[in-house]
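If you're matching them up, the sequences are chains U and Y in order. For the first sequence, the numbering used here begins at 566 and goes up steadily by one. For the second sequence, the numbering used here begins at 30 and goes up steadily by one. All C-beta atoms, glycine included, are put in the ideal place defined by N, C-alpha and C. Everything on this sheet refers to the single structure shown next.
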Amino acid sequence: MIDQDQPNTRPGRPRLGGWLRIALIGRNPNVTLARAAILVATCVVVFKFVLLPIRVEGVSMLPAYKDKSLNFVNRLAYLRHEPRRGDVVGLRLGGTNALYRTPSVMYMKRIVGLPGETVAFADGHLLINGTALDEPYVNGPCDWNCAPVTVNPNQYFVVGDNRSMPRDYHVFGQAKKEQIVGKVLF
Amino acid sequence: MVRFVLALAVAALGVWLWLVLFPSPEKVIAGQFEKLARAASVQAGAGYLPRLAGAQKVGGFFSTNVEINIDLPGRQQHATMSRDDIVQAVLAADSSGGLTVKFPDINVMVGADKETAQADITVEARVPGEQDMMVQEMKFTLRKIDGKWLITRVQTVRTLS
């Protein structure tokens, strides 16, 4: 017969309070504390210096990136190779010229022109060195016209996907490589 | 060990107190820009008097003559404005629906003479109900006049060339 009022004192079977304690702070609180500190430090390093969490604001990257959607910017994406055409990148603005600073606000744009290439818009079509670029990510009518521009060395021509908005409301052009914070992950 | 930790804590407290009591010019200027953003923000449906008070507060951050260089698509302005002109311009702006201004990224560089400074700032303006917010990179030049950092020059910066 088991006395319900008596705590379970059999060895190897912790009480309910014991289980809760183990679930919350582990068998060895010092080890748990060290693990928690390592976890917090890892999160700070990862989410501040490697994968920046971002929230998309606005419609300039529709339809691929919707307003208020969440994403990450991989700051290490271009350590081993140069940015490529089609990459969606985060671009820093003036308040964070210092490279070590993490920008609070970034432009999110797609790289369409590489250094040395000529970029133009003709009746809404993006021309690279005079040839129309196939852009499956662009959806919607576009009537932009823009004279050919030769992309400077160490710069990239960036533009948003939503070309159905008026050209004057859309920020696009050449960005220095130092302005690129990283590649948008998804 | 305990003494060492205690000494470290006291030293950290001392440094923190020193930084609070004697902030660097960069910190003073950044704090001023935060106040400017608050003053430039307008609550939806705010009456004339609160807007006037806000506009006058905004004017207080500028010197008596301010050089304005705005180069935006569809708007170019190169002028020298007085403080009153700035107050009037802020009042004239259509902000009846409300306006939230923020400076999320502020980078201040104080000159070697410690009397002038330059601030590279990301300006974020949001009108309630509108999907797109306005983001603009700007450069402010400041001068220390009568012990106060005042804006003497405002210019827009094209993020992409």
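Please state the DSSP three-state secondary structure of residue i.
| i | result |
| --- | --- |
| U:C711 | strand |
| U:T574 | With a pLDDT of 49 at U:T574, under the threshold of 50, the modelled position of that residue is not reliable, and no figure is offered here. |
| Y:V39 | helix |
| Y:N94 | strand |
| U:V617 | The sequence shown places Leu at residue 617 of chain U, rather than the Val named in the question. Strand. |
| U:N639 | strand |
| U:T607 | helix |
| Y:R67 | helix |
| U:R649 | coil |
| U:K674 | strand |
| Y:G76 | coil |
| U:R592 | coil |
| U:R666 | coil |
| U:G689 | coil |
| U:Q569 | With a pLDDT of 48 at U:Q569, under the threshold of 50, the modelled position of this residue cannot be trusted, and the question is left open. |
| U:V624 | coil |
| U:T597 | helix |
| Y:G83 | helix |
| Y:H46 | One point to set straight first is that residue 46 of chain Y is Leu, not His, in the sequence displayed. Three-state DSSP puts Y:L46 in a helix. |
| U:G655 | strand |
Using beta-carbon positions only, say whether residue i and residue j come within less than 8 Å of one another.
| i | j | result |
| --- | --- | --- |
| U:M673 | U:Y630 | yes |
| U:N593 | U:G747 | no |
| Y:F91 | Y:I115 | yes |
| U:I619 | U:R649 | no |
| U:T683 | U:V714 | yes |
| U:G689 | U:C707 | yes |
| U:V621 | U:K613 | no |
| U:P680 | U:N717 | yes |
| Y:T181 | Y:L171 | yes |
| Y:P54 | Y:A146 | yes |
| Y:F62 | Y:A148 | yes |
| U:S625 | U:N727 | yes |
| Y:M110 | Y:I97 | yes |
| Y:V119 | Y:A69 | yes |
| Y:R80 | Y:V87 | no |
| U:N595 | U:F751 | no |
| Y:V130 | U:V670 | no |
| Y:T188 | Y:E166 | yes |
| Y:G127 | Y:A40 | no |
| U:T597 | U:I603 | no |
Select from the options the residue whose C-alpha is nearest the C-alpha of residue i.
| i | options | result |
| --- | --- | --- |
| U:N710 | U:L692, U:D699, U:N727, U:V723 | U:L692 |
| U:G623 | Y:Q160, Y:T185, Y:K168 | Y:Q160 |
| Y:I174 | Y:Q117, Y:M162, Y:N94, Y:L120 | Y:N94 |
| U:P731 | Y:S190, Y:P102, Y:I180, Y:V87 | Y:P102 |
| Y:W178 | Y:L65, Y:G126, Y:F33, Y:G43 | Y:L65 |
| Y:R112 | Y:G89, Y:I99, Y:G83, Y:V130 | Y:G89 |
| Y:S125 | Y:G43, Y:W45, Y:D142, Y:A75 | Y:A75 |
| Y:T151 | U:L656, U:F686, U:G695 | U:L656 |
| U:A740 | U:R728, U:A685, U:G678 | U:G678 |
| Y:G121 | Y:A146, Y:T109, Y:G60, Y:Y77 | In the sequence as presented, Gly is not what sits at residue 121 of chain Y; that position holds Ala. Comparing Cα positions, the closest option is Y:Y77. |
| U:D733 | Y:G127, Y:K131, Y:R104, Y:K168 | Y:R104 |
| U:Q720 | U:A712, U:G738, U:R645 | U:G738 |
| Y:K168 | U:G582, U:V596, U:L658, U:A601 | U:L658 |
| U:V615 | U:Y643, U:L698, U:V670, U:I590 | U:Y643 |
| U:I745 | U:S729, U:I603, U:R666 | U:R666 |
| U:A685 | U:E743, U:V723, U:G582 | U:V723 |
| U:V749 | U:L585, U:L617, U:V611, U:D699 | U:L617 |
| U:E700 | U:R645, U:P628, U:H735, U:L641 | U:P628 |
| U:K742 | U:A687, U:L698, U:E647, U:G651 | U:E647 |
| Y:H107 | Y:V183, Y:M30, Y:S190 | Y:V183 |
| U:L698 | U:G651, U:S729, U:A601 | U:G651 |
| Y:Q117 | Y:Q85, Y:L50, Y:F33 | Y:Q85 |
| Y:K143 | Y:G176, Y:V49, Y:V34, Y:L37 | Y:G176 |
May I ask whether a heavy atom of the ligand ZN can be found less than 7 Å away from the beta carbon of residue i?
| i | result |
| --- | --- |
| Y:R172 | Among the components modelled here there is no ligand, and therefore nothing to report on the ligand ZN. |
Margin query: In chain order, what are the residue ranges of uninterrupted beta strand (DSSP E) at least 3 long that sit wholly in the segment 691–751 of chain U?
Written below: 711–715, 720–724, 738–741, 745–749
Checklist line | Continuous alpha helix (DSSP H) assignments of at least 4 residues falling wholly in the segment 99–182 of chain Y | finding: The segment 99–182 of chain Y contains, as complete alpha helix (DSSP H) runs of 4+ residues, the segments 112–121 (chain order).
Note to self: Can you confirm whether the segment 153–167 of chain Y touches the segment 136–143 of chain Y when touching is taken to mean that 3 or more C-beta pairs between the two stretches lie within less than 8 Å?
What the structure shows: no
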